[in-house]
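*Asks:* Per UniProt numbering, the sequence shown starts with residue 1, numbered consecutively. Ideal Cβ positions, reconstructed from N, Cα and C, are used throughout, including at glycine.
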Amino acid sequence: IASRRRGNTASSIQVDGVTLDGVQPIRQAVFSHFASHFKASTVDRPGVENHQFLRLTPLEGGSLTKHFSVEEVKAAVWDCDGYKNSGPDGINFGFIKDFWPEMQAD
Numbered sequence: 001i002a003s004r005r006r007g008n009t010a011s012s013i014q015v016d017g018v019t020l021d022g023v024q025p026i027r028q029a030v031f032s033h034f035a036s037h038f039k040a041s042t043v044d045r046p047g048v049e050n051h052q053f054l055r056l057t058p059l060e061g062g063s064l065t066k067h068f069s070v071e072e073v074k075a076a077v078w079d080c081d082g083y084k085n086s087g088p089d090g091i092n093f094g095f096i097k098d099f100w101p102e103m104q105a106d
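Right, dumping it as structure tokens:
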């Protein structure tokens, strides 16, 4: 174990072309390196005040809230692999496909 510890010890490092020896200078260089990477920085982000966003027409908006047809649901279920991992309720698409006649009304 002592041999491994000696092999893993950094007795000197080079920072910006300067060789640092000793525990305290190495510790300070490592601290400064990581402090510069993790310090908070202020970034100017663009605002949304002057942007003109596109809007949906009432017809387009209504299509987002309409109910799915039985055919649309069946097509989506049949497009999925039936025996992949189940959801949190333990039911996978294979189960739904097997019991589709009983479940389609739900």
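If you follow the beta strand (DSSP E) that T19 is in, where does it begin and where does it stop?
*Replies:* In the sequence shown, residue 19 corresponds to position 19, counting from 1. Looking at the DSSP string, the run of the beta strand (DSSP E) that includes T19 is V18 to D21.
*Asks:* Could you give the residue range of the beta strand (DSSP E) that holds residue 110?
*Replies:* This structure does not reach residue 110, given that the chain is present from 1 up to 106, and the question cannot be answered.
*Asks:* Rounded to the nearest angstrom, what separates G17 and V43 at their Cα positions?
*Replies:* One-based indexing of the sequence shown puts residue 17 at position 17. One-based indexing of the sequence shown puts residue 43 at position 43. In a straight line, the C-alpha of G17 is about 31 Å away from that of V43.
*Asks:* Along the chain, where does the beta strand (DSSP E) containing S12 start, and where does it finish?
*Replies:* As a position in the sequence shown, residue 12 is number 12, starting the count at 1. Its beta strand (DSSP E) spans residues S12 to V15.
*Asks:* How big is the Cα-Cα spacing for P58 and S32?
*Replies:* What you label residue 58 is simply residue 58 of the sequence shown in a count that begins at 1. What you label residue 32 is simply residue 32 of the sequence shown in a count that begins at 1. Distance between the alpha carbons of P58 and S32: 57 Å.
*Asks:* Are the CB atoms of V77 and I96 within a distance shorter than 7 Å?
*Replies:* Counting from one through the sequence shown, the residue named residue 96 turns up at place 96. Counting from one through the sequence shown, the residue named residue 77 turns up at place 77. It is a contact, given that the beta carbons lie within the stated cut-off.
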